[in-house]
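Novice: Before anything else, here's the structure in question.
In the numbering used here, the protein residues as written are 30 to 171.
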């Protein structure tokens with residue numbers, strides 16, 4: 030089980046579903062949510078300002094919607110990569126999208142923290158796929 034996951038999406042219903050699915054599937058101990066990229070960056074700012082070891086309190090994984098008001102996922106990725114990635118080197122990101130555009134997938138190559146592209150809403154199949162691909166050691170059973 031992961032310690033913390035961050036879900037960034039402007040759709041409140043999808044955030045609620047994500048939190049519930051992450052909880053009942055024992056994917057993470059804690060789920061943090063943000064409704065746009067600015068709110069997500071504020072979260073990382075708070076960690077940097079208030080924690081002596083911010084990377085130890087950071088989420089290990091983030092589900093990020095690309096299409097949001099105020100600051101979309103693309104803008105978030107650009108700012109995070111430039112200003113925060115050295116402070117949070119272990120963060121992995123999966124892009125959430127209702128539709129998969131080949132152009133978007135190709136643009137994501139320039140962001141090494143992006144490791145997956147998943148369909149919304151977050152469900153058990155999505156979480157199991159993430160577990161298998163990226164976190165096998167954290168989810169092995171005895």
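Quick reminder that beta carbons are idealized off the backbone N, C-alpha and C, glycines included. In this text the structure is predicted, and so the values were computed from the model without any measurement.
Could you tell me the alpha carbon to alpha carbon distance between residue 82 and residue 135, rounded to whole angstroms?
Specialist: C-alpha separation (whole angstroms): 34 Å.
Novice: For residue 35 and residue 63, which I take to be in contact (beta-carbon distance under 8 Å), what is that distance rounded to the nearest angstrom?
Specialist: Yes, residue 35 and residue 63 are in contact; Cβ-Cβ is about 7 Å, under 8 Å.
Novice: Taking residue 66 and residue 97 to be in contact with their CB atoms under 8 Å, please state how far apart those CB atoms are, rounded to whole angstroms.
Specialist: Indeed they touch by this definition, with Cβ atoms about 7 Å apart.
Novice: Please report the Cβ distance between residue 44 and residue 87, rounded to the nearest whole angstrom; I am assuming they are in contact, meaning their Cβ atoms lie under 8 Å.
Specialist: Actually they do not touch by this definition, with Cβ atoms about 19 Å apart.
Novice: On the CB-based measure, 16 or more other CB atoms within 10 Å of its CB, does residue 138 come out buried or exposed?
Specialist: Exposed.
Novice: Return the chain-ordered ranges of every alpha helix (DSSP H) run that is complete within the region 43-82 and spans a minimum of 4 residues.
Specialist: For the region 43-82, whole alpha helix (DSSP H) runs of length 4 or above, ordered along the chain, are 66-79.
Novice: Name the DSSP bridge partner or partners of residue 35?
Specialist: According to DSSP, which records beta bridges pairwise, residue 35 is partnered with 61 and 91.
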